Ligand code: AMP
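Numbering (the numbering used here), first residue to last: 455 to 664.
In structure tokens, the structure reads:
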């Protein structure tokens, strides 16, 4: 199954993509993770992406389209994949359609207030990619998987989060209509108080995995 996970920043795309990756044995392809890795490694692409990411702006289409096109050639994508955070513009979606056949675009929807609270309390491990929320860490500041010190992503700072949400509304939300018109859209509306397990159960059900 070739999947796209759509939805605003902080809706849980990455969390659910990881759960599904483990369940189905298909890779989660997160452009955000790939760009952060490139930044950390100090590659030319990473350095040029840095200023967009830290300002909560989108990295230019040509850059992310190139990364995804290359990544989808890899052997581990033969039996399917989950695109997490790509496409984010109609131009990216149109490019994707020229080199991939998508089965489902799953829209993970969540209210803005919940998103802001989630992102401002999010702490991440830059080594293994695990994410946590302050409310469940009980004062711990290291990753449960690899022991690395947890940090707040620069783009999770309140002002940048606001910008990311407006970028989402202007550039990415139109993809909901785009995939609806193609008959590929499915939506999971996450309740503000639902647990990850409850939301994931909805994701599975919506994808017909139950
Ligand atoms: P994410 O981890 O998916 O929230 O992405 C973090 C940041 O990486 C975004 O705010 C953008 O600056 C950049 N980014 C990730 N994916 C894309 C994309 N498909 N198009 C443009 N920029 C992206």
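Virtual Cβ for every residue (Gly too), placed ideally from N, Cα, C. In this text, all values refer to a predicted model and were calculated from it rather than measured experimentally.
Going by DSSP, which residues form a beta bridge with residue 563? On the chain shown, position 109 is the one that residue 563 refers to. Per DSSP, 643.
Go through its chain and collect everything with a Cβ distance to residue 617's Cβ below 6 Å, but skip five positions before and after it. Within the chain shown, residue 617 is the residue found at index 163, counting from 1. Only 510 meet the Cβ criterion.
Can the beta-carbon of residue 577 be found closer than 8 Å to that of residue 605? Position 123 of the chain shown, counting from 1, holds the residue named residue 577. Position 151 of the chain shown, counting from 1, holds the residue named residue 605. Result yes, Cβ atoms of residue 577 and residue 605 sit closer than 8 Å.
Give me the Cα-Cα distance between residue 483 and residue 593, rounded to the nearest whole angstrom. Here residue 483 corresponds to residue number 29 of the chain shown, with the count starting at 1. Here residue 593 corresponds to residue number 139 of the chain shown, with the count starting at 1. Distance between the alpha carbons of residue 483 and residue 593 is about 31 Å.
Using the Cα positions of residue 560 and residue 506, report the straight-line distance between them to the nearest angstrom. The sequence position of residue 560 within the chain shown is 106, counting from 1. The sequence position of residue 506 within the chain shown is 52, counting from 1. Taking the straight line from one Cα to the other gives about 26 Å.
If contact is defined by three or more beta carbon pairs under 8 Å, each pair taking one atom from either stretch, is the segment 477 to 492 in contact with the segment 639 to 651? no
Alpha helix (DSSP H) runs wholly inside the segment 496 to 531, at least 4 long, in chain order: 498 to 509, 515 to 525
Are residue 597 and residue 584 touching if we call contact CB-CB under 8 Å? The count along the chain shown starts at 1 and reaches residue 597 at position 143. The count along the chain shown starts at 1 and reaches residue 584 at position 130. Going by C-beta atoms, residue 597 is nearer than 8 Å to residue 584.
Using a threshold of 8 Å, state whether the C-beta atoms of residue 517 and residue 629 are closer than that. Position 63 of the chain shown, counted from the first residue, corresponds to residue 517. Position 175 of the chain shown, counted from the first residue, corresponds to residue 629. Cβ distance not < 8 Å, so residue 517 and residue 629 don't count as in contact.
Per DSSP, what are the beta-bridge partners of residue 622 in this structure? One-based indexing of the chain shown puts residue 622 at position 168. In the DSSP secondary-structure assignment, residue 622 is not bridged to any residue.
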